[in-house]
Structure formats: C-alpha cells, structure tokens
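Worksheet: the structure to be examined is printed underneath.
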Amino acid sequence: MNRNIVCISRKFVVLICLFFFLGCAHRSNRLSTLQSGKWVDLTWSFDEQSVYWPTNVPFTHEKVFQGMNDQGYYYSSFKFGAEEHGGTHFDAPIHFAENGNSVEKVPLEQLTGEGVVIDVTAKTSVDRDYRISTEDFEWWEKRNGRIPEGAIVLLNTGFARHYPDKQKYTGTNLAGAAGVENLHFPGLSPDAAKWLTEQRKIKAIGLDTPSIDFGQSKDFMTHRILFANNVTAYENLANLESLPAKGFWIVALPMKIKGGSGAPLRIVAFLPGP
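Residue numbers for the sequence shown follow the working numbering, beginning at 466 and rising by one.
Put into structure tokens, the structure is as follows:
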C-alpha cells in the first residue's frame, strides 16, 4: 500500500477519535481545540541502541540502496529486522493469555482513550525493584479523582532518563539467560494489576521500563492478570514526565502483525488547548 495513503488513514483515525473524545458542541470549537492543543511523542526511535529483552535479537536496519540510480534520480530503501518485544512496543493479550487477542484483533477503540499518569519516581529512585502498589493509585485518586473507567494508565517511574543505557536502564549489559537473571527495574505489582482490571476496568497500561512486571519477576503474574482480562500494555515509553496527571488523550498504533503477540509501537498523547 502507498505510504502516503497509510499516513493519511492514520491521521484520519486520530482526528475522528479526537473529535469524538472532545465532544465539543460546534465544529469551530473542535478545530480550535485541535489547533491550540499539543502533541507529545511517547515513542523512542528504533535503531541499533534500542533496548530489547536480553534473550531477543537486537533491532537491525540495513541499507538496500541509497544514492543516484541508473535513471539519474535519488532513491533510498532499507530493510529492518525486529523481534516483537523491544524498543517502544505493544503487548497484545495473547502474549500471556492463550485465548487473548493477537495484535490485529485488538479493537481500534482499545487503542485510544483518556490517559492518566501515576508518578512513582520518588519511590523508584530509592528502590529500582519497586513494585507499584494499589496504595500508589489510591494516593493518586485522593489528589486527582477516581481513575475513569476505560482509562489508559501510564506509570512514570523516571527510568526513561536512562534510556538507552542498558546498564542503567535494565540493570545489566549481559545478554541471554545471564542478562535475564540480572534485570533490575520497577514494575506493576500483581495485586495492583488485579485492582486496576477489576475495580477500575482500565483498557490499557504503559510504563517507561522494559516490562510491566518488575525486572526480577519469575512468573510474570502481572502480565498474566492483565492479559487474562484483555488489557493491553505498552513498554519502553518516553517523555511521560511531559504529561499532566490527567486531561489528555492517548493514541497507540502498533504495527498490525497478524497473529502477533506484540509489535513495534508509535504512541502519542494529545493535550487539548485552553
């Protein structure tokens, strides 16, 4: 498919979602809100430094051709290789739930929604194995109100400041099984995952670390709880510190891989203007 058509289609979906979400009474008000709003990119660029799980093959990007061709005009083309789970990426429920949705089956309405940010940097700065608890969300709600049903919850651990330094970001430079054994970074506790899915009925959750489970997890129970409820996840996010606690909209568009358990992700936030 023509790349321009793909880009136009994606922009069209984004605009339609925003119009619906903002619910302005008049077309002029909707346009004014869009024009005065702010976009924030929550995606890391993919390159040879992109952080992947220690047992995964790193991202590759190789030149096929670049320069003046035989017909006398400039042309460039490249090929890339990537495992599903690396860099800023999307976790589909089938990643840990046998009957969960694969990437292409996740409904479009689950890829967009009202966002909230939970800032836990004070705790993760003193404990890199910190597991975000139900109490952290209750503390947030006392200051910001109840997390809306169907929200997209983003967890700001502050670890994005280390990306892509693997030693600082993940706790190790090692690859393979030895690398997995030495992973140290924060994640969401299973109890909090259960509370978010059952009590707040969120549609998705994301954070600025390599995994929604903390680095030393052996059973990936947080993944299992979320995905059993068809809640999707975003990992290795960027720029969460640029977002307010609430009052913004998320658009998360993964590469549409048929049967995929995950995919590279372009995710953005829209902050409505005054």
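Each residue gets a CB set at the ideal place from its N, CA and C atoms; glycine is no exception.
- The DSSP-derived three-state label of Arg-665 is helix.
- DSSP, reduced to helix, strand and coil, places Trp-714 within a strand of the structure shown.
- Judged by DSSP in its simplified three-state form, Ser-726 adopts coil rather than helix or strand.
- In the structure shown, His-550 adopts coil according to DSSP, grouped into three states.
- The alpha-carbon separation between Lys-711 and Asp-506 amounts to approximately 16 Å.
- Taking the C-beta atoms as reference points, Pro-523 is found no nearer than 7 Å to Gly-644.
- Bounds of the beta strand (DSSP E) holding Leu-619 are 617–621.
- Trp-504 has Phe-735 as its beta-bridge partners, per DSSP.
- For Pro-572, the secondary structure class from DSSP, reduced to helix, strand or coil, is coil.
- Rounded to whole angstroms, the gap between the alpha carbons of Phe-679 and Glu-549 is 19 Å.
- Here the stretch 685–692 makes no contact with the stretch 629–649; the two share fewer than three CB pairs at distances below 8 Å.
- Listed as beta-bridge partners of Tyr-539 by DSSP are Met-533.
- Contact between the stretch 569–583 and the stretch 535–542 is absent: fewer than three C-beta pairs spanning the two stretches fall below 8 Å.
- Counting C-beta atoms within 10 angstroms of its own C-beta, Gly-724 has fewer than 16 neighbours from the protein chains shown and is therefore classed as exposed.
- Distance check between Gly-623 and each of Gln-632, Asp-584, Gly-551 and Ala-562 places Asp-584 closest, using alpha-carbon atoms only.
- With fewer than three CB-CB distances shorter than 8 Å, the stretch 715–730 does not count as touching the stretch 624–636.
- By the Cβ criterion, the stretch 657–665 is not in contact with the stretch 506–517, since fewer than three pairs of Cβ atoms, one from each stretch, lie closer than 8 Å.
- When the beta-carbon positions are compared, Asp-673 and Ala-625 come within less than 7 Å of each other.
- Secondary structure of Leu-691 (DSSP, three-state): helix.
- The C-alpha of Asn-647 lies about 15 Å from the C-alpha of Asp-684.
- In the DSSP assignment, no residue is bridged to Thr-674.
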